[in-house]
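Novice: Below you'll find the structure I mean.
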Ligand code: SF4
Ligand code: SF4
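In the numbering used here, the protein residues as written are -18 to 375.
Below, the structure written as structure tokens:
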């Protein structure tokens, strides 16, 4: 499964599911909004995760399951089991990693000496004759089990894992036949880092590896496939939120309708964004709540600001997402949403919004929710990065 196919499904409600396997991560990226480190203990119960994914069936399942964190490859056996379970129902899987396992150097993040996986032949070791560090067998099995693998890269990641190590590991993973991509983050279209890294990826992989280019946002890894829309100058004008389309399993097993990390971490969850808990709910229940809620339909069709201004207690204060979270206690907004987006008419409104959101394909999704100038790179062989006068920062 290529990156463009995955991203193009983003506007469709419940077409995807984001699973945060753990908040732990061996890296210490300065911009990490999940607050991840090696000692962050929060993670969903593995048995509950497996039961939840095991509740998919061929008629009722997400098309795509994204395994994220923290660092999901700290739990490689669990990632592999979840991928196998999802495949049984016909879902496809993708995994986003910070690439800690690719880091060369004298000490591994778990404190062990590097090289302990070496010297076992190439069966399952991840060594493919390209030199550099081998991919540990359990991690390689997890990677082989998914349909798409994405590596995070940005200024902060590169301070933790050298770019050359990440490139070497991506070559090995491609050699395994797994579709790969980069998730690149910068400060915007004029960021010299983005110009440099996109040129480097193009040169290293000959345009065969797509990139999702995003702008640094106060959101975490689960949200990294795209950011919410920006609020316009007039809240009465519709500004839909595609980020209310794919359910997110948080680190405590709670399921939310939204991937904004502040919202994912907020307890209690705003009522209109709460889809249940993997300890008690199955996929069919979560999907039903995600699809049938009039407020969620309105968020996806017109956005929170328009809903609040038109039907609620007035224009929202604060950011686009602050206004959305405040809708949890807004009975007038809930009543307005029910009147407009309840029943079959609401389902049609929802579908129309999704089709509109997806009509320009993956590039359109990135233009709205990522770094628009680099949207063509979401497709392998997309147009080269914009020309800038920026110096090479490496
Ligand atoms: S940004 Fe990602 S790779 Fe970096 S510390 Fe956070 S979870 Fe880990
Ligand atoms: S808080 Fe609301 S507006 Fe913000 S991303 Fe989540 S669902 Fe969308």
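Heads up, the beta-carbon is just placed ideally off N, CA and C, and yes, glycines get one too.
Everything numeric in this text was worked out from a predicted model, so none of it was measured.
#1: Tell me, to the nearest whole angstrom, how far the beta carbon of residue -12 is from that of residue 346; I am working on the premise that it is less than 8 Å.
#2: Quick one: is the Cβ of residue 377 within less than 6 Å of any heavy atom of ligand 2?
#3: Considering only heavy atoms of ligand 2, list every residue whose Cβ is less than 7 Å from one of them, following chain order.
#4: Just how far apart, CA to CA, sit residue 307 and residue 253?
#5: Could you give the DSSP three-state label for residue 271: helix, strand or coil?
#6: Roughly how many whole angstroms lie between the Cα atoms of residue -3 and residue 37?
#7: Can you list the beta strand (DSSP E) stretches of 3 or more residues lying completely in the segment 135 to 204, in chain order?
#8: Are the beta-carbon atoms belonging to residue 51 and residue 5 less than 7 Å from one another?
#9: Since residue 258 and residue 281 are thought to touch, with beta carbons under 8 Å apart, how far apart are those beta carbons, to the nearest angstrom?
#10: Pull up the distance between the alpha-carbon of residue 221 and that of residue 114, whole angstroms please.
#11: Can you tell me whether residue 91 is buried or exposed, with buried defined as 16 or more other CB within 10 angstroms of its CB?
#12: Please confirm if residue 234 has its CB atom under 7 Å from at least one CB of chain D.
#13: Is any heavy atom of ligand 1 found at a distance shorter than 6 Å from the C-beta of residue 131?
#14: What are the residues that DSSP puts in a beta bridge with residue 235?
#15: Is residue 220 near ligand 1, in the sense that its beta carbon is under 6 Å from a heavy atom of that ligand?
#16: Out of -1, 285, 128, 25, point me to the one whose CA is closest to residue 65's CA.
Specialist: According to the structure data:
#1: 5 Å
#2: Absent from the model: residue 377. The displayed extent of the chain is -18 to 375, so no value can be given.
#3: 209, 222, 224, 225, 238, 239, 240, 241, 244, 254, 280, 284, 285, 301, 302, 305, 306
#4: Rounded to whole angstroms, residue 307 to residue 253 spans 10 Å at the Cα level.
#5: Of the three classes helix, strand and coil, the one that applies to residue 271 here is helix, per DSSP.
#6: 12 Å
#7: Here the runs fully enclosed are 160 to 167, 192 to 196.
#8: yes
#9: Rounded, the Cβ-Cβ distance is 22 Å, inconsistent with contact.
#10: 45 Å
#11: Residue placement at residue 91 is poorly supported in this model, since its pLDDT is 41, which falls under 50; the coordinates are not used for a value here.
#12: Although the question refers to chain D, the structure presented lacks it and comprises just one protein chain.
#13: no
#14: 258
#15: no
#16: The shortest Cα separation from residue 65 among -1, 285, 128, 25 belongs to 128.
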